[in-house]
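Comments concern the structure below.
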Amino acid sequence: MLTDSKIQLSHSETISDAAQILSCFVDIITLKTTAHHRMLKLAQYAQIPVINALTDGTHLCQILTNILTYEEYCEPISGKIFAWMRNGNTVIMFFAP
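First residue of the sequence shown: 0, per numbering that gives the first Met the number 0; consecutive thereafter.
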């Protein structure tokens, strides 16, 4: 796992620099960050897929996990209405109109 300080994002290296360098060494980037705009910028400059593991905007991996688990143990979610019984967070914001 790389942090901002390990790849110098907090000092001199730009997100586009990091994206281009990482694209040469790995097949995929999974990013967990508090800044959604950073993930979008990294995806813009990377030559490889970027997975949103968590941002302040959405938590897509958790959403996919919830959907797949429901479909595996219950039935397809198509046409279903769900109630969210927690505080509003990055998971539910994906489903908000």
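C-beta: ideal position from N, C-alpha, C; glycine also.
Item	Value
Quick check: what's the CA-CA separation for T68 versus I80?	16 angstroms
Using three-state DSSP, classify I62 as helix, strand or coil.	helix
For a test of the three-state rule: what should DSSP assign to K31, helix, strand or coil?	strand
To which residues does DSSP link I50 through a beta bridge?	T29
Could you have a look at H36 and say whether DSSP puts it in helix, strand or coil?	helix
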